[in-house]
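Chemist:
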Amino acid sequence: MPSKLTPPLSRQDHTLGNAHATLQLVEYGDFQCPHCGAAYPIVKQLEEKYGKQMLFAWRHFPLSNVHEMAIPAAIAAEAAGRQGRFWEMHSQIFEYQSRLRKENIFHEFAKAIGLDIDAFDNDIADEALRQKVEDDFESGIRSGVNGTPSFYFNGHKYAGDYSYESLSAEIEKHLAEKAHN
Amino acid sequence: MLQKNDEAPGFELFATPDQKCSLEEFKGKNVILAFYPADWSPVCGDQMSLYNEMLGFFKKYNAQLIGISVDGKWCHAAYAQQRTLHFPLLADFEPKGEVAKKYGVYNDKDGQCERALFVIDANGIIQWSYLSPKSVNPGADGIIEALESITQPTTTNHAI
């Protein structure tokens, strides 16, 4: 059963790197998942190394029964996104993942990345942001996400592990194929 | 292994230490029957926990999820409590694997069910089945596709 990214990336998605690149890496993740926390510095390293050659995207896949702060964290990131700081909040949450225990932690994070707090509070309560997180989750189901993190290279589910070695080998393979064509 | 258009064999198995659950009870609903090897797989994103997160989406397709393995009812009860599962886990325990055998997904060598999925429609007919490699969590994209082929999701909007 080949699992494909459904729907494909669009302007609704949060992306980093080269928007015109032919190589796209999408991560479905949960901000409170320890594996996603472990993958965070690895993906960051990959972004630093390959950011000019490829596009990175994040979609939410909060496992809310086991991680009660997963949805609030995803909404906080979306709210930061309204002020153009999605990735700053994404980093903040993962850098301090162990502190995701109380709801008002997001205020601290918001202040740390210089957000307008009143606007942030309004946005956090906006039902549209919760819906965005749910839409991401539903797209994850349709894309065959079977745990977090799940990665997709150019829309196809990646079956390997999330070590730097494995992910960078996959990237190199795609880049070499492109150079060949 | 049973395939599309086969009639789903009925069953009645313990879902809790003192309650049985039968396929018959779900007539009129779509049923997702998920056979899996064993409770307590040692990862946080295991198949049953993953499906537990998706119950709201299954519901949109008028679908009831049922997990089934050869573990006993007390084992299931402890597992469901620890993982806060909100759907029934059936114990195919005595005679061991009888229901899995009827569906053609019992592994004699391991003495466990295979990791196999069946989507059964409201009339008790299998509309989709899938055998997954034992160590691979198959996700739910196939389930949703099968449900979509037999029903349209109900929206949460109130009728006027």
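Residue numbers (our numbering), protein chains in the order written: chain B, 1 to 181; chain U, 1 to 160. Ideal Cβ positions, reconstructed from N, Cα and C, are used throughout, including at glycine. Quick caveat, the model's predicted, so the values are computed rather than measured.
Mind checking the stretch 32-57 of chain U against chain B and listing, in chain order, the residues whose C-beta falls within less than 9 Å of any C-beta there?
Modeler: Val-43, Cys-44, Gly-45, Asp-46, Gln-47, Ser-49, Leu-50, Asn-52, Glu-53, Met-54, Gly-56 and Phe-57
Chemist: Looking at C-alpha atoms only, which residue of B:Trp-87, B:Ala-119, B:Ala-76 and B:Ser-91 is the closest neighbour of B:Asn-104?
Modeler: B:Ala-76
Chemist: Mind checking the stretch 125-155 of chain B against chain U and listing, in chain order, the residues whose C-beta falls within less than 7 Å of any C-beta there?
Modeler: So the close ones are Glu-138, Ile-141, Arg-142, Ser-143, Gly-144, Val-145, Asn-146, Gly-147 and Thr-148.
Chemist: Leaving out the 5 sequence neighbours to the left and right, which residues in its chain are closer than 8 Å to U:Leu-55 when beta-carbon positions are compared?
Modeler: Leu-65, His-86 and Phe-87
Chemist: Tell me where the alpha helix (DSSP H) around U:Ala-140 begins and ends.
Modeler: No alpha helix (DSSP H) contains U:Ala-140, which DSSP labels as neither H nor E.
Chemist: Got a sec: is the Cβ-Cβ distance from U:Phe-66 to anything in chain B below 8 Å?
Modeler: Checking the displayed sequence, the identity of residue 66 of chain U turns out to be Ile instead of Phe. Answer no: the Cβ-Cβ gap between U:Ile-66 and chain B never drops below 8 Å.
Chemist: Pairing CB atoms from the stretch 164-181 of chain B with CB atoms from the stretch 7-17 of chain U, are three or more of them under 8 Å?
Modeler: no
Chemist: Below 8 Å, can you find three or more Cβ-Cβ pairs linking the stretch 24-43 of chain B to the stretch 89-106 of chain B?
Modeler: yes
Chemist: Please name the residues in the stretch 49-74 of chain B whose beta-carbon is closer than 7 Å to at least one beta-carbon of chain U, in chain order.
Modeler: Leu-63, Ser-64, Asn-65 and Val-66
Chemist: Return yes when the Cβ of B:Tyr-50 is within less than 8 Å of the Cβ of B:Val-145, no when it is not.
Modeler: no
Chemist: Taking 8 Å as the CB-CB limit, is B:Ser-3 close to chain U?
Modeler: For B:Ser-3, the answer is yes, since a Cβ of chain U falls inside 8 Å of its Cβ.
Chemist: Of the choices U:Tyr-36, U:Ala-15 and U:Lys-29, whose alpha-carbon is the least far from that of U:Tyr-103?
Modeler: U:Tyr-36
Chemist: Whole-angstrom Cβ separation of B:Ala-179 and B:Leu-129, contact assumed at under 8 Å?
Modeler: In fact, because the Cβ distance is near 40 Å, the residues do not count as touching under 8 Å.
Chemist: Are there 16 or more other CB atoms within 10 angstroms of the CB of B:Gly-140, so buried, or fewer, so exposed?
Modeler: buried
Chemist: If we call anything under 8 Å between Cβ atoms a contact, is U:Ile-150 one with U:Leu-2?
Modeler: no
Chemist: Hey, how far is the Cα of U:Gly-111 from the Cα of U:Gly-97?
Modeler: Rounded to whole angstroms, the gap between the alpha carbons of U:Gly-111 and U:Gly-97 is 8 Å.
Chemist: According to DSSP, simplified to helix, strand and coil, what is B:Cys-33?
Modeler: coil
Chemist: Starting from the C-beta of U:Asp-121, find all residues in its chain whose C-beta is less than 7 Å away, skip the five residues before and the five after it, and write them out in chain order.
Modeler: Asn-30, Gln-127 and Ile-150
Chemist: Closest Cβ-Cβ distance between U:Pro-133 and chain B: below 8 Å?
Modeler: Cβ-Cβ to chain B under 8 Å: no for U:Pro-133.
Chemist: If you measure between the beta carbons of B:Leu-23 and B:His-174, is that distance less than 8 Å?
Modeler: yes
Chemist: Taking the DSSP output, what are the residues bridged to U:Leu-89?
Modeler: The partner list for U:Leu-89 (beta bridge, DSSP) reads U:Gly-67.
Chemist: Return helix, strand or coil for B:Met-69, following the three-state DSSP convention.
Modeler: When DSSP states are grouped into helix, strand and coil, B:Met-69 belongs to the coil group.
Chemist: State the start and end residues of the unbroken beta strand (DSSP E) segment that holds B:Met-54.
Modeler: 54-60
Chemist: Run through DSSP, which three-state label would B:Ala-119 get?
Modeler: helix
Chemist: Under 8 Å by Cβ, that's how I've got U:Leu-131 and U:Val-105 pegged, so tell me the actual separation to the nearest angstrom.
Modeler: For a cut-off of 8 Å, the C-beta gap from U:Leu-131 to U:Val-105 is around 7 Å, short enough to register as a contact.
Chemist: Using a Cβ-Cβ cut-off of 7 Å (strictly less than) and excluding sequence neighbours within five positions of U:Ala-38, which residues of its own chain qualify?
Modeler: Ser-69, Asp-71 and Gln-112
Chemist: Let me check understanding here. Comparing Cα to Cα, which of B:Glu-177, B:Ser-163, B:Asn-122 and B:Asn-181 lies closest to B:Val-43?
Modeler: Considering only alpha carbons, the answer is B:Ser-163.
Chemist: U:Glu-12 by DSSP, collapsed to three states: which one?
Modeler: Taken through DSSP and simplified to helix, strand or coil, U:Glu-12 comes out as strand.
Chemist: Can you tell me the Cα-Cα spacing of U:Pro-17 and U:Trp-74, whole angstroms?
Modeler: Distance between the alpha carbons of U:Pro-17 and U:Trp-74: 6 Å.
Chemist: First and last residue of the beta strand (DSSP E) that includes U:Trp-128?
Modeler: 126-132
Chemist: Do B:Pro-72 and B:Phe-106 count as a contact pair if the criterion is CB distance below 8 Å?
Modeler: For B:Phe-106 and B:Pro-72, yes; Cβs fall inside 8 Å.
Chemist: Taking B:Leu-82 as the reference, give the member of B:Leu-100, B:Lys-102, B:Asp-126 and B:Pro-41 with the closest Cα.
Modeler: A small correction: the amino acid at residue 82 of chain B is Arg; Leu does not occupy that position in the sequence shown. The shortest Cα separation from B:Arg-82 among B:Leu-100, B:Lys-102, B:Asp-126 and B:Pro-41 belongs to B:Asp-126.
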